[in-house]
Structures are given as C-alpha cells and as structure tokens.
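Peer 1: Residue numbers (the working numbering): 178 to 556.
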Amino acid sequence: MILLISQYKYPEGDAGSVRMHNLALTLKQMGQDVFVIGLGKIQKEVDYYKGIPYVSLRVKNKYNSRFLFNYRLYQQISKLRKKYTIKNIILGTSSIDVTMFLKFICSKYQIHLIKDVVEWYSASQFRYRKYAFPYLAKEIENKRLITKKMAVISISSFLHTYFTQKGIQSVRIPVYMDQNEFPDYSKNYSNKLVLIYAGSPGKKDYLSVMLKALALLPTDLLKKIQFNVIGLTPAQIELIFQDDLSIFSKIRDNIKAYGRLPRAAVVEKLKEADFSVLLRSEKERYAKAGFPTKVIESISVSVPVIMNFTSDLGLYFTDRKNCIQVENDTIGKFREALIKAVSLSPEDKKELAQNAKSLAERCFNTTSYAKELERIIQK
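(1) Is the beta carbon of V519 less than 8 Å from the beta carbon of K401?
(2) Using beta-carbon positions only, say whether L515 and L394 come within less than 8 Å of one another.
(3) Counting pairs of Cβ atoms below 8 Å between the region 474 to 494 and the region 311 to 325, do you hit three or more?
(4) Just how far apart, CA to CA, sit I330 and S299?
(5) Just reading off the beta strand (DSSP E) that A328 is part of, what are its end residues?
(6) Note the first and the last residue of the continuous alpha helix (DSSP H) segment covering L529.
(7) Contact defined as beta carbons within less than 8 Å: I believe R457 pairs with Y353. What is the distance between those atoms, to the nearest angstrom?
(8) How is the alpha helix (DSSP H) around M197 delimited, first residue to last?
(9) Please classify P311 as buried or exposed, where buried requires at least 16 neighbouring CB atoms within 10 angstroms.
(10) For the alpha helix (DSSP H) holding S334, just list the boundary residues, first then last.
(11) Cβ atoms of G217 and Y251: under 8 Å apart, would you say?
(12) Go ahead and label R306 buried or exposed: buried means 16 or more other beta carbons lie within 10 angstroms of its beta carbon, across all protein chains shown.
(13) Are the region 470 to 484 and the region 397 to 412 in contact at 8 Å, needing three or more beta carbon pairs?
(14) Under 8 Å: do the region 341 to 352 and the region 548 to 556 share three or more Cβ pairs, one atom per stretch?
(15) If the criterion is Cβ atoms closer than 8 Å, does the pair M559 and Y261 meet it?
(16) To which residues of the same chain is E504 closer than 6 Å at the C-beta, ignoring the five residues directly before and after it?
(17) For F486, which three-state DSSP category applies?
(18) In angstroms, rounded to a whole number, what distance separates the CA positions of R539 and S545?
(19) Here's the rule: buried if 16 or more other CB atoms are within 10 angstroms of the residue's CB, otherwise exposed. What is E474?
(20) Taking all protein chains shown into account, do 16 or more other C-beta atoms lie within 10 angstroms of the C-beta of G436, making it buried, or fewer, making it exposed?
(21) Among F425, L204, I483 and K527, which one has its Cα closest to the Cα of K517?
(22) Which same chain residues, not among the five before or five after V371, have their C-beta less than 6 Å away from its C-beta?
(23) Look up A375 in the DSSP assignment and say whether it is helix, strand or coil.
(24) Tell whether a beta-carbon distance below 8 Å holds between I254 and I282.
(25) Taking Cβ positions, are N499 and N542 nearer each other than 8 Å?
(26) For the alpha helix (DSSP H) holding G509, just list the boundary residues, first then last.
(27) Give me the Cα-Cα distance between K433 and A442, rounded to the nearest whole angstrom.
(28) Looking only at C-alpha atoms, which of S284, S194 and K527 sits nearest to N368?
(29) Near K380, which residues of its chain fall below 7 Å by C-beta distance, leaving aside the five closest residues on each side in sequence?
(30) In the region 358 to 444, which residue ranges form an unbroken alpha helix (DSSP H) of at least 4 residues, counting only runs that do not cross its ends?
(31) Helix, strand or coil: which one does DSSP assign to F244?
In structure tokens:
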C-alpha cells in the first residue's frame with residue numbers, strides 16, 4: 178500500500194487536496210493500493226472520494242486537530258499496518274514536526290518516505306520577512322529535514338535541480354488534473370473579451386498590476402472588456418486603488434467581484450471566460466519554485482491564460498498558440514497583452530481554447546507522469 182498524508186482539507190477542493198487526490202488517482206491507475214490521510218471535515222470512519230479511500234484526522238477543537246495530529250496519525254498508521262504492508266508514504270504539505278515524526282516512523286518500520294515539495298517561500302511574501310515562521314519552517318524543511326534517505330516529488334525544475342544537486346532522488350511532476358472530469362466545453366465567442374481572475378492574491382499574484390493595466394486602455398477597448406474577480410469583494414478591490422480612486426472609477430463598470438465561492442462554482446464561472454489572467458514576479462523564489470495550479474485548472478476547461486512565463490510554464494506554452502504571453506511582470510507589458518487579446522477574432526479565441534485544452538490532455542493528465550511515479554516508489 179502507498180499512504181498519502183497531508184494537512185490539506187482533503188477532499189474539500191483546495192489546490193493541495195486536488196494535487197494529493199490526483200497523485201492517488203495516478204497510483205491507483207498504476208495498480209497500486211492507496212489510502213489518503215488528511216484534515217478534511219470531521220469524521221470517524223473511512224470514506225471514499227471518487228474511488229479513493231481516505232480518513233480525516235480533524236476533531237472539533239481546531240487546536241487539537243493540529244497539535245495532536247501526530248498522535249492520531251500514529252494510531253491510524255498502526256491500524257492500517259495490521260491489514261496492509263505499507264511500503265511507501267507520500268507526505269504533502271505539512272508542518273515540520275509532521276515531517277520529523279514521519280522520518281522516525283518510516284525509519285522504524287522500514288517505509289520509504291517521499292516528500293511532495295510544491296513551494297519555497299520568498300522573504301518578501303511576509304511582513305517579518307526572513308523571521309516569519311512559515312518562511313523559517315520551509316527553510317528548515319527544504320535545507321535540513323529532507324535528506325538522501327528520502328525521495329522527493331518536485332513540482333518544478335527549480336526544486337528538482339536543487340534536490341538532485343544535493344544527491345537526493347527527485348522526479349519533476351508539475352500540477353496536473355484528471356481530464357476526465359473536464360469534458361470538452363463548447364461556447365459561443367464574440368468580440369467582447371471576458372477575463373477572470375480567481376484566487377487570493379496576497380503577495381504572490383500581481384492583481385493590482387493587472388487592474389491598473391486595464392485602466393490604461395483607451396475607452397473604445399475598455400467597452401469590450403469584462404473583468405471577473407473571484408476571491409475578493411468589491412470593497413477589497415477598491416482598497417487596491419485607495420491611493421488614487423480616480424483610476425478605479427475608470428474601470429469600476431468593467432469589474433465584477435464575486436467574493437469567495439466554492440470550487441465547483443469557480444469552475445463554472447471560469448468556463449464562461451475567454452481568458453483567465455495571472456501575473457507573478459519573475460525574480461522571486463516562490464514563483465520559480467512553485468507551479469501555478471490555476472493555470473492548469475483554466476486550460477482544463479478550455480480557457481487559455483494571459484500570463485507571464487514563471488516556473489516551468491515556458492516548457493509547455495507558446496504565445497498566441499495556447500496562451501497570450503506577457504513579456505514581463507510590469508503594467509506596461511500586461512497592457513500590451515490585453516490589447517493583443519481584445520483584438521482577437523471569435524475564431525482566434527476558439528482556436529486558442531482548443532489548443533489549450535489539447536495541451537491539458539497531453540501534458541497535464543493523470544497518465545502524464547506515471548513513469549515518474551514508477552521511478553520513485555519502492556515495490
């Protein structure tokens with residue numbers, strides 16, 4: 178059996194849970210027995226999510242859910258070991274005490290431990306920069322806790338190169354989806370341009386840059402654009418322009434803010450768009466080390482992306498073929514990309530959408546990285 182463990186809200190649908198589920202699905206398709214342990218809704222019994230058995234270790238007291246996680250995890254592993262031979266544990270995002278605990282457990286029971294590494298923070302993401310606890314914890318985990326006795330699933334070339342150079346076995350597996358969940362979606366295209374951003378930008382996504390670029394467009398082009406924002410309220414968007422509300426007043430009618438929505442509702446809104454949009458730093462470590470889930474979610478529903486090429490996106494995407502490339506992360510270059518997008522004919526948009534979906538099915542499917550997983554698990 179292969180045990181997949183994380184402190185994600187599996188299977189509620191956050192990005193980490195989606196990745197954990199798709200790894201489990203690929204392993205199952207390879208003929209492996211799998212079981213997922215997470216921190217989803219409170220439950221006592223084993224349940225199934227799309228054919229994958231799982232259990233949640235969450236309890237009513239949220240502090241106990243975290244601080245007693247290792248204790249309940251040990252109980253669950255002991256219970257499973259009475260029925261199955263656990264040969265591999267894949268550990269997703271978790272606190273460093275869980276990593277240390279599982280290193281001990283895997284050493285004791287001779288289980289192969291594989292760490293799924295999906296991020297490496299930049300100090301600029303935090304108020305206290307290098308002294309912020311999440312930053313320090315990730316530094317300790319990536320630099321000290323992950324050793325040659327383990328193996329790594331690296332989400333990007335940046336991480337894969339780092340761990341390989343340290344002599345740690347690593348395979349590169351980016352974000353991917355079960356494309357069977359996203360059948361071809363046909364829609365009518367017009368001369369209107371519908372854009373969508375979905376997420377919580379924080380300091381990762383340059384939503385303010387994208388909106389300010391929108392405000393620089395001439396009025397005749399602005400009339401053709403609708404910009405949907407999911408994850409922020411109208412008041413939160415207005416805060417972005419608090420230093421110059423005159424800019425916001427120019428694009429107020431172009432923006433529709435929906436606040437936070439369930440993942441299923443986000444996907445439905447995504448389908449209605451011509452393009453999703455994403456802009457990130459090209460220099461910061463977080464952008465090099467990660468891989469944007471929202472890009473793969475978007476092309477999976479036949480919605481190409483207006484974006485700059487961070488992480489490994491340049492390995493897969495081609496400007497005007499399956500995306501609109503933004504040359505860098507500045508307001509001026511995003512404005513240029515918007516002009517390119519709004520000038521596309523309905524036929525051009527349809528072709529881009531078809532090419533984006535084709536790329537998703539070819540490179541970001543549950544079957545795309547089976548060989549990589551085959552190399553890293555112990556039988």
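In this text, a Cβ means the ideal position worked out from N, Cα and C, and glycines have one as well.
Peer 2: The structure says:
(1) For this step, residue 519 is matched to residue 342 along the sequence shown. For this step, residue 401 is matched to residue 224 along the sequence shown. Yes, these two residues count as a Cβ contact at 8 Å.
(2) Walking along the sequence shown from the start, residue 515 turns up at place 338. Walking along the sequence shown from the start, residue 394 turns up at place 217. Yes, Cβ-Cβ distance for L515 and L394 is below 8 Å.
(3) no
(4) Reading the sequence shown from its first residue, position 153 is the one you call residue 330. Reading the sequence shown from its first residue, position 122 is the one you call residue 299. Their backbone Cα atoms lie some 20 Å apart in a straight line.
(5) For this step, residue 328 is matched to residue 151 along the sequence shown. Note, A328: beta strand (DSSP E), A328 to S331.
(6) In the sequence shown, residue 529 corresponds to position 352, counting from 1. Start and end: P523 to C540.
(7) Counting from 1 along the sequence shown, the entry for residue 457 is found at position 280. Counting from 1 along the sequence shown, the entry for residue 353 is found at position 176. Between Y353 and R457 the Cβ distance is about 20 Å, and since that is not below 8 Å, they are no contact.
(8) Along the sequence shown, one-based indexing puts residue 197 at 20. Residues A192 to Q206.
(9) The residue you call residue 311 lines up with position 134 of the sequence shown. Per the 10 Å Cβ criterion, exposed.
(10) Position 157 of the sequence shown, counted from the start, is the residue given in the question as residue 334. Looking at the DSSP string, the run of the alpha helix (DSSP H) that includes S334 is S334 to Q342.
(11) Residue numbering aside, residue 251 sits at position 74 when the sequence shown is read from its first letter. Residue numbering aside, residue 217 sits at position 40 when the sequence shown is read from its first letter. Taking 8 Å as the Cβ cut-off, Y251 and G217 do not qualify as a contacting pair.
(12) Translated into the one-based positions of the sequence shown, residue 306 becomes position 129. So R306 ends up on the exposed side.
(13) no
(14) yes
(15) Since the first residue of the chain shown is 178 and the last is 556, residue 559 is not available in this structure.
(16) Reading the sequence shown from its first residue, position 327 is the one you call residue 504. Contacts found: K510.
(17) Your numbering for residue 486 matches position 309 in the sequence shown. F486: coil per DSSP, three-state reduction.
(18) Position 362 of the sequence shown, counting from 1, holds the residue named residue 539. Position 368 of the sequence shown, counting from 1, holds the residue named residue 545. The straight-line gap from Cα to Cα measures roughly 7 Å.
(19) As a position in the sequence shown, residue 474 is number 297, starting the count at 1. Classification of E474: buried, given that the 10 Å Cβ count is 16 or more.
(20) The count along the sequence shown starts at 1 and reaches residue 436 at position 259. With fewer than 16 other Cβ atoms within 10 Å, it is exposed.
(21) Translated into positions along the sequence shown, residue 517 becomes position 340. The shortest Cα separation from K517 among F425, L204, I483 and K527 belongs to I483.
(22) Locating residue 371 in the sequence shown gives position 194, counting from the first residue. So the list reads Q403, A450 and D451, once near-sequence residues are dropped.
(23) Position 198 of the sequence shown holds residue 375. Three-state DSSP puts A375 in a strand.
(24) Reading the sequence shown from its first residue, position 77 is the one you call residue 254. Reading the sequence shown from its first residue, position 105 is the one you call residue 282. It is a contact, given that the beta carbons lie within the stated cut-off.
(25) Start at 1 with the first residue of the sequence shown, and residue 499 comes out as number 322. Start at 1 with the first residue of the sequence shown, and residue 542 comes out as number 365. Contact: no.
(26) As a first step, residue 509 must be located in the sequence shown, where it is residue number 332. First-last of the alpha helix (DSSP H) with G509: I508 to V519.
(27) Sequence index remark: in the sequence shown, residue 433 carries index 256 (1-based). Sequence index remark: in the sequence shown, residue 442 carries index 265 (1-based). When rounded, the distance between both Cα atoms is 15 Å.
(28) On the sequence shown, position 191 is the one that residue 368 refers to. It is K527.
(29) Here residue 380 is taken as the residue at index 203 of the sequence shown, counted from 1. Excluding positions up to five away in sequence, the list reads S301 and Q302.
(30) 384 to 392, 396 to 399, 411 to 417 and 422 to 428
(31) Position 67 of the sequence shown, counting from 1, holds the residue named residue 244. Residue state, collapsed to three classes: helix.
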